[in-house]
Each structure stands twice: as C-alpha cells, then as structure tokens.
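In my numbering, the protein residues as written are 43 to 317.
1. Between residue 254 and residue 302, is the Cβ-Cβ spacing less than 7 angstroms?
2. Using a Cβ-Cβ cut-off of 6 angstroms (strictly less than) and excluding sequence neighbours within five positions of residue 172, which residues of its own chain qualify?
3. So, with DSSP's three-state summary, where would you put residue 274?
4. Below 8 angstroms on the Cβ atoms is my contact criterion, and I expect residue 286 with residue 164 to pass it. Report the Cβ-Cβ distance as a whole number of Å.
5. For residue 310, does the three-state DSSP call read helix, strand or coil?
6. Between residue 296 and residue 192, what straight-line distance do the alpha-carbon atoms span, to the nearest angstrom?
7. Which value, in whole angstroms, describes the spacing of the CA atoms of residue 257 and residue 265?
8. DSSP state of residue 154, grouped into three classes?
9. What is the DSSP secondary structure of residue 143, reduced to helix, strand or coil?
10. Let me confirm a value: residue 213 is counted as buried when at least 16 other C-beta atoms fall within 10 Å, else exposed. Which label applies?
11. Figure out for me which residue from 263, 200, 195, 170 has the closest Cα to the Cα of residue 123.
12. Hey, residue 183 and residue 110: beta-carbon distance below 7 angstroms or not?
13. Would you grab the beta carbon distance between residue 167 and residue 119 for me? Rounded to a whole angstrom, and I think it's under 8 angstroms.
14. Under a three-way DSSP split, which group does residue 63 fall into?
15. DSSP three-state label for residue 261, please.
16. If we count the other Cβ atoms within 10 Å of its Cβ and call it buried at 16 or more, is residue 43 buried or exposed?
17. Is the Cβ-Cβ distance between residue 103 and residue 203 less than 7 angstroms?
18. Can you check which of these residues, 220, 227, 270, 272, is closest to residue 259 by C-alpha distance?
19. Hey, would you say residue 152 sits closer than 7 angstroms to residue 116, going by beta carbons?
20. What's the call for residue 211, buried or exposed, on a 16-neighbour Cβ count within 10 Å?
21. Using the rule of at least 16 other Cβ atoms within 10 Å of the residue's Cβ for burial, across every protein chain shown, is residue 188 buried or exposed?
22. Got a sec, what are the start and stop residues for the alpha helix (DSSP H) residue 225 sits in?
23. Please state if the CB of residue 216 and the CB of residue 291 are separated by a distance shorter than 7 angstroms.
24. Return the first residue and the last residue of the alpha helix (DSSP H) that residue 185 is part of.
25. Taking just the CA atoms, how far does residue 277 sit from residue 310?
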C-alpha cells in the first residue's frame, strides 16, 4: 500500500510537470508556430505510414503497383487528409468564425489571428514542407515544375501569415481550394486501379469540375473582391505581406485556370467516349 501510494504520488508529480511543460512551452503563443509545424510534419509521416499499412491489407491493387506508384499512392493519401483538415479549418474561419468578421471591431481584419488559426496554418506548413521534400527527392515522379511552384508559393505565404499574423484571412480563403484535392486524388486512384471506364470515375470527374469552378475560380474572384473592399486595411500591412496578398493568389489563380482548361477537356473526352 505504501509503495502504491508513493508510485501514485510520483506519477501525479510527473503529470503536473508535463502539464506545465505543455502550457509553458508547447502551447505558448511564442512557441505555437514551431510546435504546429513540427506537429504537421509528424502527422504527415504518420498518415503516410497508415496509408501504406491500410492499403497493404485492404486494397489488392496496391500489391501490384511499382515502387514509385506505391510511394505516390501513399503520398496522395496524406495529401487528401491534409486537404480535408485545412479546408475544414479554412471554411470555419472564413464563413463561421467571428474572428475575421467586419462586425468584430478589434483592429483591421488583416492583422487578426488566434492560437487556433496559427496552429492550423502551422500544420499546413508542415505538410507543404514534407510534400515539397518528397517532390524534390523523387523529382519529377511526384510532379513537375508546376507542383514545385505551387507548393513553394503556398509554403511561403502560409508560413508568413503564421509567423506574423498578417493576412491570415486571405490565406484561409486560398486554402479553401484544397477542397478539390481529395477528388483529384480519387481520380488517380480509380485510374490506377483500372476503373477509368467505371461510373465512379465519370461521377468523380463531374464533381471535380464543379468543385474546381467554385473553390479555385469563383472563390478567388471573391477573395480579390474582398481585398478591394478592405484595401484601406490591406495597405497597412508590411510590404512583404502586401506583395504576397496580390502575388501568390494571382499566380495560383492563373495556374488554376490552366488546370481548369485541362479538366474541361478531360471531362469532355470522357463524355464523348461514353456516348
């Protein structure tokens, strides 16, 4: 009984020390960006390994893939999970949270942030760094120059918003475009599994068309309109942040239009074959 009581007291002491450590360092505002980025890298690796483990046991197609195809299969799994996470957080902050609401009078909208918004952006930075590292390591197997440009610009813009707290609203608006990533990955999975002629492939293509038009075309137009309405606040940002607000969405928007043209051609080609 004495030993058990001492053990319980020692365990309680370690628990209290751990709580102090987490509150003082890991979850402190000053350390939140670094903690979230490391957490994002760790989560990305964990999802990659889980995708590999689950696919090995539950997908017969996986066993017949080449080494590079398996890597891309796992990579798309982790990109889908990240897309679901960051798109959900972005939708919440842009459309449901009061943090960036015009009715919230606590300073310009371009300078508002919270521990949760910083954490979400940090996790995204961790993902972009991990995925960019894989792209460089296996270049060009996981994507060509357009993927390098997309991930580099995204990582820079998201990291800037995370560390400075500037322009987080517009960063989340752009990150909503990740809604299309799971559908794009599903298209690749169906194609790799030999289901290109299936109804699922056709339905997914239609979903991609509408999701892309809303999340990567119309939403970008809305973002620039919001910048126009709040230009007197945007102009107060640091020159680097001001430049990123206009440059990154413009380049990504142009790339989205280019990819949208390919999506339309691919969908028309698929429909023509069905007819």
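Just so you know, even glycine gets a beta-carbon here, dropped at the ideal spot from N, CA and C.
What you are looking at is a predicted structure, and each value in this text was computed from that prediction instead of being measured.
Based on what the coordinates show:
1. Going by C-beta atoms, residue 254 is nearer than 7 angstroms to residue 302.
2. Result list for residue 172: 83, 86, in chain order.
3. In this structure, residue 274 counts as helix in the three-state DSSP scheme.
4. Rounded, the Cβ-Cβ distance is 17 angstroms, inconsistent with contact.
5. Shown here, residue 310 sits in a helix according to DSSP, grouped into three states.
6. Each residue's Cα considered, the two are about 11 angstroms apart.
7. If I take the Cα positions, the gap works out to 11 angstroms.
8. DSSP places residue 154 in the coil class of the three-state scheme, outside both helix and strand.
9. In the structure shown, the three-state DSSP call for residue 143 is coil.
10. Result: buried.
11. Residue nearest to residue 123 within the set 263, 200, 195, 170 is 170 (criterion: CA-CA distance).
12. Contact flag set, yes.
13. Beta-carbon to beta-carbon, residue 167 and residue 119 are separated by about 20 angstroms, too far to satisfy the 8 angstroms threshold.
14. Because the pLDDT at residue 63 is just 47, under 50, the model does not fix this residue reliably, and the value given afterwards should be weighed accordingly. Reduced to three states, the DSSP call for residue 63 is helix.
15. Assignment of residue 261 by DSSP, reduced to helix, strand and coil, places it in the helix class.
16. Unreliable placement is indicated for residue 43, whose pLDDT of 44 sits below 50; the coordinate value is still reported in the next sentence. With fewer than 16 other Cβ atoms within 10 Å, it is exposed.
17. With contacts defined by Cβ atoms closer than 7 angstroms, residue 103 and residue 203 do not form a contacting pair.
18. With distances taken between CA atoms, residue 259 lies nearest to 220 out of 220, 227, 270, 272.
19. In this structure, residue 116 does not lie closer than 7 angstroms to residue 152 by Cβ.
20. Buried, since its Cβ has 16 or more Cβ neighbours within 10 Å.
21. So residue 188 ends up on the exposed side.
22. 223-234 is the extent of the alpha helix (DSSP H) around residue 225.
23. Yes, the pair counts as a contact, with Cβ atoms nearer than the cut-off.
24. Segment: none, residue 185 is in no alpha helix (DSSP H) and carries neither H nor E.
25. Rounded to the nearest angstrom, the two C-alpha atoms are 43 angstroms apart.
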